[in-house]
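Below is one structure, written out as structure tokens, with a few remarks after it.
There are 2 protein chains.
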Amino acid sequence: MSSPALHSAVLDALGRSITSGDVAPGTPLTLEAIGAEHGVSRTVAREVMRLLEGLGLVRSRRRVGIVVLPMESWNVLDPRVIRWRLEGPGRDRQLRTLTELRHAVEPLAAAGAARHASPETRDELVDLATKMRVLGEHGDLTEFLALDIRMHELVLRSSGNELFGALAGVVAAVLSGRTHLGLMPASPVPEALDQHEEVARAVAAGDPAAAEAAMAAIVGEVRRALTED
Amino acid sequence: MSSPALHSAVLDALGRSITSGDVAPGTPLTLEAIGAEHGVSRTVAREVMRLLEGLGLVRSRRRVGIVVLPMESWNVLDPRVIRWRLEGPGRDRQLRTLTELRHAVEPLAAAGAARHASPETRDELVDLATKMRVLGEHGDLTEFLALDIRMHELVLRSSGNELFGALAGVVAAVLSGRTHLGLMPASPVPEALDQHEEVARAVAAGDPAAAEAAMAAIVGEVRRALTED
DNA sequence: GACAGGCCATTGGTGACACCAATGACTTGC
DNA sequence: GCAAGTCATTGGTGTCACCAATGGCCTGTC
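Here the protein sequences come in this chain order: E and A. The opening residue of the first sequence carries number 1 in the working numbering; numbering runs sequentially from there. The opening residue of the second sequence carries number 1001 in the working numbering; numbering runs sequentially from there.
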């Protein structure tokens, strides 16, 4: 708590209480109050406030103080905001919207990976898919999860589009959140294993269309399972 | 620029020089140097540094100073980072990756809008599309651009997914960047007008599949025009 | 030559200050 | 009684001086 943490602790606390709706939009804060509340000097309260302002959670105006902004102006794509929302009462909605974002992005990312991935990445993908089958059939969920995350991260990062790559972290959060929330079957369904193998095969073979289709199948099923519209 | 701007001016300057590659990754900075460079106190230099750290552009460590990070750790989805990159030498790449992101997201957003948009939004979309046809055929590019931006923003914001909505700003930047860079035909092609009308019609009719297809046609053509792979 | 220990540059954190803009109450005049 | 202008108060903005902590680097010893 002492060394690399004073700001982040206060920032996390404030960020969480805003994104959770605990402190309502329009609520005025003051640096004085923030400092006193968290036992911290005005200077660090100011720095925290700047960060929050950068995330679009608050807006600072002279004389009036720091006002909490409504969700429309939040930087909802920022990893910190996503994390806070995943930890708060908005978790379900956040999980749904993130899954929809995955549905949009991951197929294209897979197509990109089929075009741009390095030979080593292609090898690793194939390797991961076969390991996933082994672990999946033995039912070791946490090991399986690690491979799953690694695979999606690899695809996103090697898609040739850094904007896709920037989503690797939050996809990892979604995947791990899903299994820890018990939204996954006790043992991965065979179709999922097939599809992951197909993605790896298509990327390795440099077949963008097949990679895109296989990835679309993966996230399409996930989405269908999560959101019964 | 005058009153509410001291640290944001410095932030912009630093952010631009880092994202442009002007100061290379690994370069060490000190608060002292930043402050002196921009004629600003150490305190505001610290606040700027925190912001940059929050964007993943730098990492601050004791004794060693502030080191510039490589692009992999940037928050490339943050609007400020996107803006800086659009203004710098990375503009072409940024335009390409943003367009690819639009290609991924906007069709799904249109489908979402067909499900969730308010009656007023549906009306406004239809209205916008017809106005776009009129203006498009008369060739008023700047007026046309405003309507185009408004239409894409409406679709994204009413998609029922705030993560999509958060992209409205950068899509506007891409659209306006494209016309100002002369990447657009002098007069909008009739197909584009048809497709925009079709998106509006499908959303108004609550037909997600049709809305998705029409929007995919729009961004698909744009993408094909921009990136001859 | 490797390891241990200390030095010190540089960030982390605090408190106090002057400054200024916005606000809302207060005053003034009609 | 009401409207318009005035002005003190409030709270962010920016600066400064100071001390604490830490970790890279140098030095010295074995």
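C-beta atoms are modelled at their ideal positions from N, C-alpha and C, and glycine is treated no differently.
| Item | Value |
| --- | --- |
| Who does A/Gly1065 pair with in a DSSP beta bridge? | A/Arg1061 |
| Checking 8 Å against the spacing of the C-beta atoms, do E/Ala67 and E/Thr19 come in under that value? | Inspection of the sequence shows that residue 67 of chain E is occupied by Val rather than by Ala. For E/Val67 and E/Thr19, no; Cβs fall outside 8 Å. |
| Please tell me whether E/Met132 and E/His196 are closer than 8 Å, where the distance is taken between their beta carbons. | yes |
| Return the CA-CA distance between E/Leu55 and E/Leu14, expressed in angstroms with no decimal places. | 12 Å |
| Assuming E/Leu6 and E/Val40 form a contact by the criterion Cβ under 8 Å, report the distance between their Cβ atoms to the nearest whole angstrom. | 7 Å |
| Closer than 9 Å by beta-carbon distance: list the chain E residues that pair up with A/Thr1097, in chain order. | Gly160, Asn161, Glu162, Leu163, Phe164 |
| Quick one, which residues of the region 200–215 of chain E are near chain A if we go by CB-CB under 7 Å, in chain order? | none |
| Tell me whether E/Pro89 sits in a helix, a strand or coil according to DSSP, three-state version. | coil |
| Would E/Arg96 and A/Leu1051 qualify as a contact pair, given that the criterion is a beta-carbon distance under 8 Å? | no |
| From E/Arg115 to E/Asn161, what distance separates their C-alpha atoms? | 11 Å |
| Would you report the Cα separation of A/Ala1110 and A/Pro1119, rounded to the nearest angstrom? | 15 Å |
| Tell me whether E/Asp229 sits in a helix, a strand or coil according to DSSP, three-state version. | Reliability fails at E/Asp229, whose pLDDT of 49 lies under 50, so the model's placement of it is uncertain and the value that follows must be treated cautiously. Residue state, collapsed to three classes: coil. |
| Keeping to the same chain, check which residues put their C-beta closer than 7 Å to that of A/Leu1108; ignore five residues upstream and five downstream. | Glu1212 |
| Residues of chain E with a CB under 8 Å from the CB of A/Arg1050: which are they? | His7, Glu47, Arg50, Leu51 |
| Just verifying my parser: in three-state terms, what is the DSSP assignment at E/Pro25? | coil |
| Short of 6 Å in beta carbon distance, which residues of its chain neighbour A/Arg1085, apart from the five on each side in sequence? Order them along the chain. | Thr1019, Gln1094 |
| Would you be able to state if there are at least three C-beta pairs under 8 Å between the region 181–200 of chain E and the region 136–147 of chain E? | yes |
| Which of helix, strand or coil does DSSP assign to A/Gly1035? | helix |
| Compare the Cα-Cα distances from A/Ala1192 to each of A/Glu1100, A/Ala1217, A/Asn1075, A/Glu1106 and report the closest residue. | A/Ala1217 |
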